[in-house]
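Presented below is the structure to which this report refers.
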Amino acid sequence: MEDPNEAPDRVREDTPSGEERHVNPYRVANIDGAPLTYVVSLAAVVAVLAMIPIPISIVIATGTNFPMSQSIYGIVGWLLGPIAGAVANAIGAVIGVIIAPYTTFAGSATVFGAAMGGLAAGATVRTGPRRTWWMPLGIVFIGLYGAYAGRAIVVNQAPWLNVLLGSFINWSALLLFLLPTRSEIARLLHATDLRLLGIGLFAGTWMAAGLAHLSTAAIVYAILNWPAELWLVFAPLAPIEHTLRCAAGTAIGLGVISGLRATGIVKPEHAVY
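Okay, so the sequence shown: first residue is 95 according to my numbering, each after it adds one.
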């Protein structure tokens with residue numbers, strides 16, 4: 095019987111003979127580390143959901159129902175990262191404005207809000223070089239809220255308490271983003287326990303969708319300039335509407351993130367889940 099140890103020059107059939115190659119999943123066409131196919135796919139999802147209005151929503155002054163796409167602005171940011179998430183949301187919102195104009199009053203405001211929602215969500219990271227991105231973004235959002243609420247109080251003479259009550263979803267989302275709750279949301283989004291993940295998705299959607307709403311509302315209010323009396327009308331209705339956004343975002347997010355984890359699909363470089 096031949097001793098294999100005496101035949102060192104023999105090459106086994108299953109031994110690779112070529113040069114070792116290293117595969118980098120991020121070298122394909124991408125936007126900020128997110129494969130272009132992912133960005134296009136999620137932009138299409140945003141566009142499709144933009145055609146689905148929530149019929150029980152009551153949006154005073156704009157005369158429209160909010161589209162289901164607002165519920166996933168944060169999810170897109172967490173799946174793709176801040177820049178790619180903002181791009182996917184913006185592209186989807188542009189298509190949505192074209193094919194479903196009945197869900198928006200001002201197309202530019204809708205697109206801006208969608209992009210800012212994805213950017214804010216993607217910036218909720220705890221480690222790495224982008225952990226400080228929330229600081230300049232926070233300054234921008236503070237400026238937007240200052241312009242929004244300041245116009246109501248200074249220009250339209252609305253009582254400041256009424257404005258605070260009417261803009262609850264906006265300043266509460268801003269606080270979630272500025273305070274350490276931002277990092278806690280990021281931690282929960284990495285949880286394997288679906289209950290913890292659900293809490294993170296609900297709180298994170300409240301934050302991301304609230305900041306998207308703030309970005310849109312600051313522009314819409316400058317156009318419509320609704321009466322001071324309407325702030326108290328918003329006070330009880332807006333939180334109900336926002337809770338619906340968050341519930342939808344949580345349900346969708348649980349399914350999507352659980353599915354992606356189960357399939358082992360390659361994460362975009364700056365994903366937050």
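For each residue, glycine too, the CB sits at the ideal point set by N, CA and C. Bear in mind that the values here come from a model prediction, so they are computed numbers and not experimental data.
Euclidean distance between Cα positions of residue i and residue j
i    : j    : result
Q251 : T337 : 29 Å
I236 : L308 : 10 Å
T218 : A203 : 23 Å
L305 : P129 : 26 Å
R281 : G294 : 8 Å
I152 : W227 : Bear in mind that the predicted position of I152 carries a pLDDT of just 49, short of 50, making it unreliable; the figure below should be weighed with that in mind. The alpha-carbon atoms of I152 and W227 are separated by roughly 34 Å.
A302 : Y132 : 20 Å
G353 : I189 : 26 Å
A342 : G127 : 27 Å
A141 : G175 : 19 Å
E335 : E323 : 19 Å
P274 : G358 : 30 Å
W265 : W300 : 11 Å
L283 : V234 : 24 Å
P223 : V249 : 41 Å
R355 : T221 : 21 Å
Residues of its chain near residue i, where Cβ-Cβ distance is below 6 Å and the 5 sequence neighbours each way are ignored
i    : result
G298 : G168 and I279
A312 : L238, A241 and Y242
A209 : A180, N183 and A184
L291 : A285
A332 : I263
D287 : none
A123 : L130
R51  : The question about residue 51 has no answer, for the chain in this structure spans 95 to 367.
Range of the contiguous alpha helix (DSSP H) that encloses residue i
i    : result
M301 : L288 to L318
G232 : W228 to G244
G207 : G201 to G216
T275 : T275 to L283
G175 : Note, G175: premise wrong, no alpha helix (DSSP H); not H, not E.
F271 : F262 to L272
Beta-carbon spacing of residue i, residue j below 7 Å
i    : j    : result
N256 : W325 : yes
G260 : A329 : yes
Y367 : I346 : no
V205 : A187 : yes
A194 : M229 : no
S165 : R276 : no
V327 : F199 : no
V191 : G207 : no
Residues near residue i in its chain [Cβ-Cβ closer than 7 Å; skip 5 each side]
i    : result
I247 : W254 and V257
G232 : F271 and L272
I61  : Outside the displayed span of the chain (95 to 367) sits residue 61, for which this structure offers no information.
F296 : C340 and T344
L143 : P161, M162, S163 and I166
L348 : L288, L291, G292 and L295
T310 : A203, T204, F206 and G207
Chain-order list of residues whose beta-carbon lies under 8 Å from that of residue i (same chain, five-residue window excluded)
i    : result
I154 : Low per-residue confidence applies at I154: pLDDT is 47, beneath 50, and the placement is therefore not dependable enough to give any value.
Is there contact here, the region 312–332 with the region 350–363, by at least three beta-carbon pairs under 8 Å? No: fewer than three Cβ pairs fall under 8 Å.
>> For the structure I just gave you, are there three or more beta carbon pairs, one from the region 166–185 and one from the region 206–220, closer than 8 Å?
In response: Judged by Cβ distances under 8 Å, the region 166–185 makes contact with the region 206–220, as three or more pairs qualify.
Handout entry: Three or more C-beta pairs below 8 Å linking the region 130–138 and the region 270–279
Key = With the cut-off at 8 Å, the region 130–138 and the region 270–279 do not touch.
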